[in-house]
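There are 2 protein chains.
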Amino acid sequence: MKEISGGVCAPKGFRAGGIWCGIKASSRKRDLALIYSEKPCTAAAVFTRNRVKSASVLVSQKHLERGICRAVIANSGNANACTGEDGLRAAKKMAELAADLFAIRTDEVAVASTGVIGVPLPVAAIESGIESLASSLRSDESGHEAALEAIMTTDTRKKGGAFEIEIEGKALRLGAMVKGSGMIHPNLATMLGFITTDAAISREMLDAALRRAVSRSFNSLSIDGDTSTNDTILVMASGLSGISPIETKGEAFEAFAAALEALCVKLSRDMARDGEGATRLLTVTVTGAQDEDSARSLAKAVVSSNLVKAACFGADANWGRVLCAMGYSGVDFDPDHVDVSFAGKAGVIPVCKEGAACPFSEEDAKKVLLEDEIEIRIKAGAGLGEAAAWGCDLSYDYVKINGDYRS
Amino acid sequence: MKEISGGVCAPKGFRAGGIWCGIKASSRKRDLALIYSEKPCTAAAVFTRNRVKSASVLVSQKHLERGICRAVIANSGNANACTGEDGLRAAKKMAELAADLFAIRTDEVAVASTGVIGVPLPVAAIESGIESLASSLRSDESGHEAALEAIMTTDTRKKGGAFEIEIEGKALRLGAMVKGSGMIHPNLATMLGFITTDAAISREMLDAALRRAVSRSFNSLSIDGDTSTNDTILVMASGLSGISPIETKGEAFEAFAAALEALCVKLSRDMARDGEGATRLLTVTVTGAQDEDSARSLAKAVVSSNLVKAACFGADANWGRVLCAMGYSGVDFDPDHVDVSFAGKAGVIPVCKEGAACPFSEEDAKKVLLEDEIEIRIKAGAGLGEAAAWGCDLSYDYVKINGDYRS
């Protein structure tokens with residue numbers, strides 16, 4: 003598996019572009035993105051589990067029912083959520099505008115939005131920009147970059163990437179872009195992720211690979227059920243790599259699924275690092291849990307604890323907060339058999355052994371905790387379950403960013 | 003029902019005191035408290051549901067098995083949690099030291115601790131201070147104040163109170179003290195609450211009244227299961243008011259339970275207002291839910307949302323975050339039938355009607371949101387369930403306080 007350039011345009015058959023059409027009224031930053039496939043793609047997606055769903059999510063869920071997709075149109079600056087019937091009409095209109103460009107079916111277009119909730123989507127701005135959006139499409143990295151910029155909100159870094167693997171002696175590519183940075187507490191910000199691949203794969207196998215990858219990556223950034231109104235992760239497979247279609251779980255499926263997971267983990271780490279106000283990346287690894295799900299729940303409880311996050315911001319080796327967060331995770335474990343270490347480039351500092359303090363140098367711990375990347379390493383018992391979760395510290399800037407987001 | 007002075011010393015038969023014995027090594031602030039009843043009391047308590055329980059919680063749970071209590075000894079500056087066998091011995095020793103003072107049974111003493119996790123409790127400091135702790139006992143407000151100061155950690159206000167009601171023409175009193183201020187996110191800080199009363203009441207009825215009151219007050223500050231290692235709420239009833247013992251659910255029980263609930267709600271609001279770094283008190287009221295539990299879950303999800311809290315700090319009428327938090331609460335409701343208003347002394351500002359925006363003056367909303375107390379008023383549908391939850395805004399100071407708590 004090797005990293006390649008091109009992002010969502012790296013796999014064969016995809017073009018992407020992005021423009022400013024006026025939804026972000028004050029900034030003139032790009033706010034409208036399009037990804038287009040020359041062939042109809044097999045598609046799979048996961049959407050927010052929030053009971054309050056944006057109009058774009060509702061429309062995309064309907065459009066993707068057949069498992070076929072040729073284009074995604076996405077906007078930033080407006081979530082098109084809590085916007086009632088008008089919002090639904092606006093989301094459908096977005097899909098129609100994109101479909102008309104290529105004379106494809108409206109339900110072959112997925113729609114995504116991110117931004118402020120409860121404000122009507124200025125669909126006229128999208129309509130007036132649709133032609134220049136079409137002209138902005140490129141089949142190289144520049145197209146990827148423009149589209150990626152157009153879905154960003156409080157993101158401070160561009161988060162995308164592409165991998166190439168070999169199957170049957172042929173190159174198979176996967177590319178992706180994501181936006182989302184409010185991961186400092188998990189329920190907070192919309193996450194949009196668009197993944198392209200030139201794999202030939204059945205809808206069922208694509209869905210299985212996506213669900214596994216998401217549970218081990220993006221979902222380990224956030225607590226189950228704690229999702230925004232707009233979260234969307236979509237994968238489109240053009241089939242143009244020339245490999246034989248993946249229709250069952252065999253060697254080819256596992257190779258594809260592993261590459262998809264690796265891409266999603268990379269982007270999850272990028273998102274955690276780009277958490278609103280984040281100064282450091284926090285990885286929590288749990289081993290010794292009863293099973294993978296228990297390990298993940300423990301890791302997520304710790305990485306989501308405001309107190310743990312604030313302690314990491316302050317480079318304070320407050321391991322008691324780690325145990326406390328494990329304790330309210332709902333997972334069954336014996337506190338007397340928990341070990342905790344803080345790990346970084348400067349070393350590994352065991353701070354808790356069998357549920358109680360073990361002596362450590364505060365100075366050495368400080369050194370580790372001041373690094374850009376901190377790992378909290380937990381042994382939760384003698385089980386075989388292990389998992390990782392990612393997050394970031396809780397800083398003054400988080401409060402600043404979220405104290406007056408709308409203005 | 004009238005408010006009276008005296009705190010936990012207001013009901014007949016109680017004395018209280020507090021000293022500095024050296025657990026808070028650097029500050030010389032009071033760190034050891036004692037509440038003593040001249041008669042054996044009927045007792046009921048609720049403890050943390052965290053899987054990781056402090057030694058003091060484990061010992062108190064055991065001691066209260068018979069439902070009888072004559073004294074509480076409590077320390078601040080050290081949580082005695084994650085301290086292993088030594089911690090259990092230390093907690094038992096605390097109870098013994100208090101029991102020896104009055105020649106009472108060790109299991110008639112409850113123990114409570116709050117402070118840093120994972121550091122051995124300096125039991126020698128307690129031992130050396132126990133005589134002066136005994137001499138500090140007073141039967142008036144000064145005793146209450148000294149004990150209350152001795153259980154405070156990051157609290158910035160003293161939180162206590164007392165009520166008097168009349169039953170059978172006789173005065174019945176309830177007094178209380180609480181500590182806890184990390185309620186800005188619900189899972190974070192230890193809450194200790196000690197309630198005294200001179201009611202004559204059976205253990206079963208006392209337990210029922212306490213559980214009802216706690217669910218409508220302190221538990222509406224926090225998400226179920228998200229509790230610290232040390233949370234303890236204890237009520238002791240001396241019986242000295244001279245009323246006939248309350249042994250069944252009748253008029254007297256309801257009067258007592260209502261007074262207990264009112265006291266607990268008052269202290270919950272005080273705790274929310276004293277949230278770490280809080281600049282304003284946030285009350286979320288939900289009506290129209292399917293039942294009381296659903297209403298409470300919705301209210302708690304909203305009051306606990308970092309995004310809602312940060313918006314309140316920034317006086318930003320971002321009602322979309324309110325709907326988003328309701329959406330991930332796990333409660334069944336129809337987003338299209340939700341109304342939201344922000345209310346304060348300056349007026350009531352409807353911001354969302356039937357799940358969508360309704361026009362409002364940003365200026366008027368700002369006026370309300372800049373007040374010391376903000377109410378978010380939610381109608382979740384056409385049901386009969388209603389409940390309230392309390393919290394506070396999320397400020398820069400929260401991060402500051404929690405970034406380096408141990409040093």
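Taken in sequence, the protein lines are chains A and B. For the first sequence, the positions run 3 to 409 when this note's numbering is used. For the second sequence, the positions run 3 to 409 when this note's numbering is used. C-beta atoms are modelled at their ideal positions from N, C-alpha and C, and glycine is treated no differently.
Test: residue 392 of chain A CB closer than 8 Å to a CB of chain B: no
Cross-chain neighbours of residue 85 of chain B in chain A, by beta carbon under 7 Å: 358
Run of the alpha helix (DSSP H) containing residue 88 of chain B, from where it starts to where it stops: 86-104
Those residues which DSSP pairs with residue 164 of chain A across a bridge: A:6 and A:177
Under 8 Å between C-beta atoms of residue 231 of chain A and residue 119 of chain A: yes
Beta-carbon proximity check, residue 108 of chain B vs residue 155 of chain B, cutoff 8 Å: no
Cross-strand partners of residue 195 of chain A (DSSP beta bridge): A:180 and A:235
Nearest-angstrom Cα separation, counted from residue 215 of chain A out to residue 124 of chain B: Near 49 Å, if we compare the C-alpha coordinates of residue 215 of chain A and residue 124 of chain B.
Residues of the segment 27-44 of chain B whose Cβ lies closer than 8 Å to any Cβ of chain A, in chain order: none
Cutoff 7 Å; reference residue 312 of chain A; Cβ partners in own chain excluding five residues on either side: 396
Proximity test, Cβ basis, 8 Å: residue 258 of chain B and chain A: no
Cβ-Cβ distance between residue 131 of chain B and residue 146 of chain B below 8 Å: The beta carbons of residue 131 of chain B and residue 146 of chain B sit no closer together than 8 Å.
Residue 250 of chain B burial status per 10 Å Cβ neighbour count (16 or more: buried): exposed
Residue-chain proximity (residue 231 of chain B, chain A), Cβ-Cβ < 8 Å: At least one CB of chain A lies nearer than 8 Å to the CB of residue 231 of chain B.
Cα-Cα separation, residue 19 of chain A to residue 371 of chain B: So the two alpha carbons sit approximately 41 Å from each other.
Residue-chain proximity (residue 335 of chain A, chain B), Cβ-Cβ < 8 Å: yes
Residue from B:303, B:38 and B:353 whose Cα sits closest to the Cα of residue 330 of chain B: B:303
Validate contact between the segment 243-258 of chain A and the segment 203-221 of chain A using beta carbons, cut 8 Å, 3 pairs: Look at the beta carbons and you see the segment 243-258 of chain A touching the segment 203-221 of chain A: at least three pairs across the two are nearer than 8 Å.
Residue-chain proximity (residue 80 of chain A, chain B), Cβ-Cβ < 8 Å: No, no contact with chain B.
Range of the contiguous beta strand (DSSP E) that encloses residue 202 of chain B: Residue 202 of chain B -> no beta strand (DSSP E), and no H or E assigned at all.
Short Cβ contact (8 Å threshold) for residue 93 of chain B with residue 80 of chain B: no
Inter-residue CB distance, residue 388 of chain A and residue 294 of chain A (contact presumed, cutoff 8 Å): With a contact defined as Cβ atoms closer than 8 Å, residue 388 of chain A and residue 294 of chain A qualify at about 7 Å.
Residue 197 of chain A versus A:323, A:169, A:84 and A:269, residue with shortest Cα-Cα distance: It is A:269.
Contact set between the segment 119-133 of chain A and chain B, restricted to residues whose Cβ is under 8 Å from the partner: 119, 120, 121 and 122
Between the CA atoms of residue 39 of chain A and residue 14 of chain A - distance to the nearest angstrom: 9 Å
Residue 355 of chain A, enclosing beta strand (DSSP E) - first and last residue: 349-355
Whole-Å CB distance - residue 42 of chain A paired with residue 17 of chain A, under 8 Å assumed: Between residue 17 of chain A and residue 42 of chain A the Cβ distance is about 15 Å, and since that is not below 8 Å, they are no contact.
Interface residues of the segment 100-112 of chain B facing chain A [CB-CB below 7 Å]: none
Buried or exposed by the 16-neighbour rule on C-beta atoms within 10 Å, applied to residue 363 of chain A: exposed
Residue 322 of chain B vs residue 337 of chain B beta-carbon contact at 8 Å: It is not a contact, given that the beta carbons lie outside the stated cut-off.
Residue 209 of chain B, DSSP secondary structure in three states: Residue 209 of chain B: helix per DSSP, three-state reduction.
8 Å contact criterion, which residue 236 of chain A and residue 74 of chain A should meet: CB distance rounded: Right, the Cβ-Cβ distance comes to about 6 Å (below 8 Å), so this counts as a contact.
Any chain B beta carbon closer than 8 Å to residue 325 of chain A: Residue-level contact by beta carbon holds for residue 325 of chain A and chain B, with a gap shorter than 8 Å.
The alpha helix (DSSP H) enclosing residue 132 of chain B, as first and last residue numbers: 125-137
Member of A:166, A:282 and A:91 whose CA lies at the smallest distance from the CA of residue 10 of chain A: A:166
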